[in-house]
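These protein sequence lines map, in sequence, to chains A and B.
Heads up, the first sequence is in the working numbering, so the first residue is 3 and it goes up one at a time.
Heads up, the second sequence is in the working numbering, so the first residue is 4 and it goes up one at a time.
Glycine included, every Cβ here is placed at the ideal spot set by N, Cα and C.
Note that this is a predicted model, so its numbers are computed, not measured.
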Amino acid sequence: SQKIEQNSEALNIQEGKTATLTCNYTNYSPAYLQWYRQDPGRGPVFLLLIRENEKEKRKERLKVTFDTTLKQSLFHITASQPADSATYLCALISSGSARQLTFGSGTQLTVLP
Amino acid sequence: KAGVTQTPRYLIKTRGQQVTLSCSPISGHRSVSWYQQTPGQGLQFLFEYFSETQRNKGNFPGRFSGRQFSNSRSEMNVSTLELGDSALYLCASSPRQATSYNEQFFGPGTRLTVL
């Protein structure tokens with residue numbers, strides 16, 4: 003069956019360090035993958051999109067990689083700040099006929115001052 | 004531009020009742036998708052409407068239905084509510100069909116509690 007797994011439900015890191023979040027998928031052939039941030043009581047906010055033919059995408063302190071061989075995406079936040087504390091969700095859509103956006107369960111990141 | 008708005012923000016119902024939730028997308032956006040978010044199941048896709056037609060449907064029972072109006076506003080209806088329907092219901096809009104290469108803009112959600 004199709005599955006999207008994000009590493010550990012919770013991740014704590016020290017301010018200034020790089021946070022690395024993992025998104026693994028099975029039985030998908032994603033055309034692209036997206037990352038969202040969600041704060042408590044709010045809807046997710048789009049951060050980055052990476053396509054299957056792209057290896058890496060950057061936006062300010064954020065970097066996403068996409069390895070379709072490993073079936074994995076890594077999401078990095080460099081020079082992390084307490085304001086980066088939130089739940090981060092990966093989402094992907096299959097390139098097949100049943101096209102819908104499916105979300106992972108999320109990783110709750112806490113950046114400690 | 005105003006963001007996605009959802010009404011009501013909070014709702015309490017009892018089992019067996021029905022409920023209608025409303026979503027107004029960002030101006031110019033033609034796609035509205037609905038999601039259910041619970042602590043146990045995470046964010047799950049319900050359905051997507053584009054130009055007043057349901058384009059995709061997730062794996063939810065027929066008690067969950069929706070529609071989209073000509074101004075792109077969308078409503079979601081849940082009939083015969085069950086305790087397990089308690090969740091945060093999120094809608095998201097995008098300029099083109101959600102399966103295209105574009106981001107989705109989420110509203111703040113409607114918190115539904117079924118007693």
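Any C-beta of chain B under 7 Å from that of Arg39 (chain A): Locating residue 39 (chain A) in the first sequence gives position 37, counting from the first residue. Not one chain B Cβ lies under 7 Å of Arg39 (chain A).
With 16 other Cβ atoms within 10 Å as the buried cut-off, status of Gly6 (chain B): Numbered from its first residue, the second sequence carries residue 6 (chain B) at position 3. Exposed: under 16 other Cβ atoms inside 10 Å.
Contact the segment 76 to 83 of chain B vs the segment 15 to 32 of chain B: 3+ CB pairs below 8 Å: yes
7 Å Cβ shell around Ser97 (chain B) - same chain, five flanking residues per side excluded: Residue numbering aside, residue 97 (chain B) sits at position 94 when the second sequence is read from its first letter. Cβ neighbours of Ser97 (chain B) beyond the five flanking positions: His32, Ser34, Asn105, Glu106, Gln107, Phe108.
Simplified DSSP state of Asp69 (chain A), which is helix, strand or coil: For the purposes of this step, residue 69 (chain A) is taken as the residue at position 67 of the first sequence. Reduced to three states, the DSSP call for Asp69 (chain A) is strand.
Contacts around Gln39 (chain B), its chain only, beta-carbon distance under 7 Å, and the 5 residues preceding and following it disregarded: Looking up residue 39 (chain B) in the second sequence gives position 36. Contacts found: Gln47, Leu49, Ala90, Tyr92.
Span of the beta strand (DSSP E), counted from its first residue to its last, around Ser68 (chain B): Numbered from its first residue, the second sequence carries residue 68 (chain B) at position 65. First-last of the beta strand (DSSP E) with Ser68 (chain B): 67 to 71.
7 Å Cβ shell around Gln83 (chain A) - same chain, five flanking residues per side excluded: Taking the first residue of the first sequence as 1, we reach residue 83 (chain A) at position 81. Answer for Gln83 (chain A): Glu17, Val113, listed in chain order.
Any C-beta of chain A under 7 Å from that of Pro28 (chain B): As a first step, residue 28 (chain B) is located in the second sequence; it is residue number 25 there, counting from the start. Chain A, which has no Cβ nearer than 7 Å to the Cβ of Pro28 (chain B), makes this no.
Closest Cα partner of Ser31 (chain A) within the set A:Pro115, A:Thr104, A:His78, A:Ala81: If you number the first sequence from 1, residue 31 (chain A) lands on position 29. Ranking the options by Cα distance to Ser31 (chain A), first place goes to A:Thr104.
Exposure of Tyr34 (chain A), with buried meaning 16 or more beta-carbon neighbours within 10 Å: Within the first sequence, numbered from 1, the residue matching residue 34 (chain A) stands at position 32. Burial call: buried.
Contact check, Pro28 (chain B) vs Arg44 (chain A), beta carbons under 7 Å: By 1-based counting over the second sequence, the position of residue 28 (chain B) is 25. By 1-based counting over the first sequence, the position of residue 44 (chain A) is 42. Annotated as distal: Pro28 (chain B) and Arg44 (chain A), with beta-carbon spacing of 7 Å or more.
Cutoff 7 Å: Phe105 (chain A) Cβ touching any chain B Cβ: As a first step, residue 105 (chain A) must be located in the first sequence, where it is residue number 103. Taking Cβ atoms only, chain B reaches closer than 7 Å to Phe105 (chain A), which makes this a yes.
Exposure of Arg18 (chain B), with buried meaning 16 or more beta-carbon neighbours within 10 Å: Position 15 of the second sequence holds residue 18 (chain B). So Arg18 (chain B) counts as exposed.
Close Cβ partners of Asn26 (chain A) (< 7 Å) along its chain, the five nearest in sequence each way excluded: As a working note, residue 26 (chain A) is residue 24 in the first sequence. The beta carbon of Asn26 (chain A) lies closer than 7 Å to those of Glu7, Lys73, Gln74 in the same chain, with the five residues before and after it left out.
Residue span of the beta strand (DSSP E) that contains Pro32 (chain A), given as start and end: Counted from its first residue, the first sequence places residue 32 (chain A) at position 30. Pro32 (chain A) -> beta strand (DSSP E) spans 32 to 40.
Chain B contacts from the segment 43 to 58 of chain A (Cβ-Cβ distance under 8 Å): Gly43, Arg44, Gly45, Pro46, Val47, Phe48, Leu51, Arg53
Counted within 10 angstroms of its Cβ, other Cβ atoms place Asp41 (chain A) as buried (16 or more) or exposed: As a working mapping, residue 41 (chain A) is identified with position 39 in the first sequence. Its Cβ having fewer than 16 others within 10 Å, Asp41 (chain A) is exposed.
Alpha-carbon spacing of Gly43 (chain B) relative to Thr56 (chain B), whole angstroms: Numbered from 1 along the second sequence, position 40 holds the residue referred to as residue 43 (chain B). Numbered from 1 along the second sequence, position 53 holds the residue referred to as residue 56 (chain B). Taking the straight line joining both Cα atoms gives about 30 Å.
Helix, strand or coil at Gly31 (chain B) according to DSSP, with G and I counted as helix: For the purposes of this step, residue 31 (chain B) is identified with residue 28 of the second sequence, where counting begins at 1. In this structure, Gly31 (chain B) counts as coil in the three-state DSSP scheme.
CB contact below 7 Å: Gln102 (chain A) versus chain B: For this step, residue 102 (chain A) is matched to residue 100 along the first sequence. Closer than 7 Å: yes.
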